[in-house]
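So the sequences go chain by chain: A and B.
If you want my numbering, it's the 1-based position in the first sequence plus 17.
If you want my numbering, it's the 1-based position in the second sequence plus 17.
Here's the structure, in structure tokens; my notes come after.
2 protein chains.
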Amino acid sequence: MPLEDTPFLRACRCRPSDRVPVWFMRQAGRSLPEYRALRGDRSVLEAVTHPELAAELTLQPVRRYGVDAAILFSDIVVPVVAIGFGVDLVPGIGPVVEHPFSGPADLARIRSLDPEKDIPYVIDTVRLVVRELDVPLIGFAGGPFTVASYLVEGGPSRTHARTKTLMRSDPPTWNQLVELLADLALAALRAQVEAGASAVQLFDSWVGVLSPHDYRDLVLPATRRIFAGLADLGVPRIHFGVGTGELLSLMADAGADVVGVDWRVPLDEARRRVGPGRAVQGNLDPASCLSPWDVVAPEVRRVLAEGGGGPGHVFNLGHGVLPETDPDLLHRIVDLVHEEGGPR
Amino acid sequence: MPLEDTPFLRACRCRPSDRVPVWFMRQAGRSLPEYRALRGDRSVLEAVTHPELAAELTLQPVRRYGVDAAILFSDIVVPVVAIGFGVDLVPGIGPVVEHPFSGPADLARIRSLDPEKDIPYVIDTVRLVVRELDVPLIGFAGGPFTVASYLVEGGPSRTHARTKTLMRSDPPTWNQLVELLADLALAALRAQVEAGASAVQLFDSWVGVLSPHDYRDLVLPATRRIFAGLADLGVPRIHFGVGTGELLSLMADAGADVVGVDWRVPLDEARRRVGPGRAVQGNLDPASCLSPWDVVAPEVRRVLAEGGGGPGHVFNLGHGVLPETDPDLLHRIVDLVHEEGGPR
């Protein structure tokens with residue numbers, strides 16, 4: 018089947034399809050024993066630089082689950098690491114920045130990304146993966162707010178208070194920062210598509226901590242720059258964040274073809290906010306997957322029902338797979354979605 | 018002025034008032050130098066047990082800021098600590114539970130609360146405070162989901178995965194747990210009102226991690242039990258959580274007179290979700306208060322404008338005061354709200 022006719026790409030384009038496609042954020046990850054075995058003691062950032070390894074980590078969940086799309090094994094900080102900003106991924110914590118971004122003088126530390134030189138391993142991984150795959154590969158990058166927040170806070174933050182203070186008290190510096198980060202994301206995404214990725218997802222995971230007012234003024238323009246810069250490539254653009262109920266229509270306005278929705282907003286309501294002509298992706302609570310099957314199955318059916326108001330539903334979790342998830346349960350979810358998520 | 022005629026109580030009851038009242042969640046806290054000086058090396062849980070000290074900590078922000086209400090200096094874990102569940106407040110972390118709740122056998126560890134015997138210091142603090150105050154005192158308790166989550170997770174959690182798994186996979190145990198916690202909250206709140214508190218706030222701070230579906234089935238009934246159990250006392254009942262955009266109408270249905278709203282949902286939209294006859298409380302982003310005044314003032318004015326669609330707006334932050342906040346800036350916010358939040 019040509020990739021363009023696969024359920025995943027048809028759903029992303031709001032075209033009728035014979036079944037609801039399904040994949041999982043973080044399907045390539047610690048919940049899989051074969052992932053833990055293959056990655057071994059290597060850090061995520063080290064594993065990303067080994068194309069054969071990263072390709073295999075990308076393919077593992079496709080083989081095991083029969084999901085309708087692969088997502089590249091990588092991390093949203095890869096571009097900022099590659100340009101030498103000084104970011105590490107610390108197990109149990111997340112991204113940690115040696116010298117956080119603290120003002121306009123730090124703008125010079127964000128040079129542009131030359132994918133062929135800076136992230137050749139990502140391009141090689143994509144090429145290796147698409148040679149093996151018969152479903153679409155999703156490339157991805159981090160959204161401007163989320164990456165900026167890591168750089169400004171120096172690591173994960175509960176309040177994002179430094180980031181919010183920078184964006185509000187020095188908008189010119191903030192705007193330059195997110196535009197530079199948007200250019201990094203755009204370069205990384207274009208390189209992945211040119212190497213063979215069939216769709217892209219922008220993970221602005223933490224942008225839901227902003228009010229619609231702040232999002233519209235201080236994040237949307239940079240995000241629009243990314244999506245507009247991908248338009249000529251003709252691939253579906255997915256836009257995701259958690260806790261974004263109040264932002265869904267703005268995230269669609271930014272130029273997304275598919276808007277990812279966490280479990281807080283029922284998909285039928287999410288469709289109303291996103292508007293016609295755009296697909297929705299989601300939205301089973303990842304914590305649901307720690308319950309027994311007789312609890313999970315009705316939840317899956319509810320998500321299918323709520324998403325079933327038209328073509329254009331990509332089944333997914335509302336956030337990434339939790340590491341303690343039983344892979345067999347994810348497999349049963351895929352089977353159930355394929356059995357009961359019929360034509361729409 | 019009789020307390021019933023104060024702007025705070027009039028706004029809580031959706032009665033016209035000559036100004037918008039304002040207070041701040043965590044106004045009694047580490048942002049105040051006089052708080053840090055007076056509490057000294059005592060833990061929060063120790064300070065709570067000293068009525069003269071706790072009363073003074075309650076009064077400090079009222080004197081400094083001229084806010085329209087005081088909130089008791091205490092903590093949402095005080096009732097579970099008092100019945101001996103084994104909870105400590107660890108600085109920099111939060112509540113930590115020595116032996117977390119892990120199943121039906123642990124239900125027996127949650128005995129009922131006899132306020133006169135178990136939390137006499139809370140009652141004494143309330144009595145001391147109301148003797149000094151000329152504005153209403155707000156009593157409070159933790160909401161059933163939030164307290165249950167601490168007991169089940171053993172401490173703060175990013176995913177609340179254990180709690181969600183318990184609630185979904187063993188609803189009978191979960192329902193008993195939250196009913197017992199509801200009874201604790203109710204007993205604590207009634208005791209505070211009987212000692213002189215003029216209003217109560219139920220902090221179900223983390224309930225926004227639930228879908229509306231889970232909230233309706235698994236939290237709302239216990240919450241309704243609390244609010245219904247307060248009805249005969251005739252005091253306004255405020256209901257607050259963060260990230261609750263999709264839950265606002267259900268939180269109102271639970272029996273709240275005032276629904277607290279974080280900064281993610283503009284207050285005019287929050288009013289629509291909460292419905293007529295109920296007040297809204299909020300919703301300046303606490304992180305805004307770390308920016309310079311020329312950034313904060315327009316934000317305050319926007320909140321006033323969005324809240325101004327009728328009587329029944331209590332100005333507040335969308336969550337607690339951050340410890341690094343400059344008290345002078347909070348003082349300016351109070352003055353601005355009093356100057357510009359005119360009759361409505």
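Even glycine gets a Cβ: it sits at the ideal position worked out from N, Cα and C.
Model, not experiment: these values are computed from the prediction.
Non-local C-beta neighbours of B:R242 in its own chain, meaning closer than 6 Å and more than five positions away in sequence, comprise A199, ordered along the chain.
By the neighbour-count definition (other C-beta atoms within 10 Å, threshold 16), A:L124 is an exposed residue. By the 16-neighbour rule on beta-carbons within 10 angstroms, B:E69 is exposed. Annotated as distal: A:G251 and A:V147, with beta-carbon spacing of 7 Å or more. Taking a C-beta distance under 7 Å as the contact criterion, A:A158 and A:D135 do not qualify as a contact pair. Pairing B:D302 with B:W280 gives a Cβ-Cβ distance under 7 Å. Inter-residue distance for B:T342 and A:T182 is about 12 Å (C-alpha atoms, whole angstroms). Taking CB atoms only, B:S228 has a neighbour in chain A less than 7 Å away. Interface criterion met: the Cβ of B:P309 is under 7 Å from a Cβ in chain A. Annotation: A:D285 has no Cβ neighbours in chain B at a cutoff of 9 Å; minimum Cβ distance is about 12 Å. Using a 10 angstroms sphere on the CB of B:R175, the tally of other CB atoms stays under 16, which defines it as exposed. Using a Cβ-Cβ cut-off of 8 Å, A:S305 is close to K181 and R185 of chain B, given in chain order.
In this structure, A:L307 is the residue among A:L307, A:P360 and A:L74 with its C-alpha nearest to the C-alpha of A:R349. Counting along the chain, the unbroken alpha helix (DSSP H) around A:L145 starts and ends at P137 to E149. In the DSSP assignment, B:L301 falls within the unbroken beta strand (DSSP E) covering A296 to L301.
For B:E115, the CB contacts under 7 Å within the same chain, skipping 5 residues up- and downstream, are G103 in chain order.
Just so you know, the alpha carbons of A:H177 and A:D35 end up roughly 43 Å apart.
When DSSP states are grouped into helix, strand and coil, B:F157 belongs to the strand group. Taking the Cβ atoms as the reference, B:L284 lies roughly 6 Å from B:V297, within the contact range of under 8 Å. When the beta-carbon positions are compared, A:D92 and A:P24 stay at least 7 Å from each other. Restricting attention to A:P78, A:L106 and A:W40, the CA atom closest to the CA of A:G172 is found in A:L106. Cβ contact annotation for B:G262 (same chain, cutoff 7 Å, sequence separation greater than five): R281 and V282, in chain order. Here the region 231 to 241 of chain A lies against the region 183 to 194 of chain A, with 3 or more beta-carbon pairs under 8 Å apart.
For A:I88, the beta-bridge partners assigned by DSSP are A:I155.
Beta-bridge analysis with DSSP links A:F162 to no other residue. Secondary structure at A:P360: coil, using DSSP grouped into helix, strand and coil. Pairing B:E357 with B:V313, the inter-Cα distance amounts to about 14 Å.
In this chain, B:R254 is not harboured by any alpha helix (DSSP H); it is covered by the beta strand (DSSP E) spanning R254 to F257. Residue state for B:P112 is assigned as strand, using DSSP reduced to three classes.
The C-alpha of B:L55 lies about 18 Å from the C-alpha of B:Y82. Here B:V217 has I155, G156, F157, A158, L206, Q209, V210, L247, V252, P253, R254 and I255 as same chain residues with Cβ atoms under 8 Å from its own Cβ, once five neighbours each way along the sequence are excluded. In the three-state DSSP reduction, B:D105 falls in the strand class (E or B).
In this structure, the CA atom of B:L267 is about 19 Å from the CA atom of B:A165.
In this structure, the alpha-carbon of B:T75 lies about 18 Å from that of B:L219. For the set B:D249, B:P78, B:W40 and B:G258, the Cα lying nearest the Cα of B:Y232 is the one of B:G258. Comparing alpha carbon positions, the residue from A:E73, A:G101 and A:P50 closest to A:P344 is A:P50.
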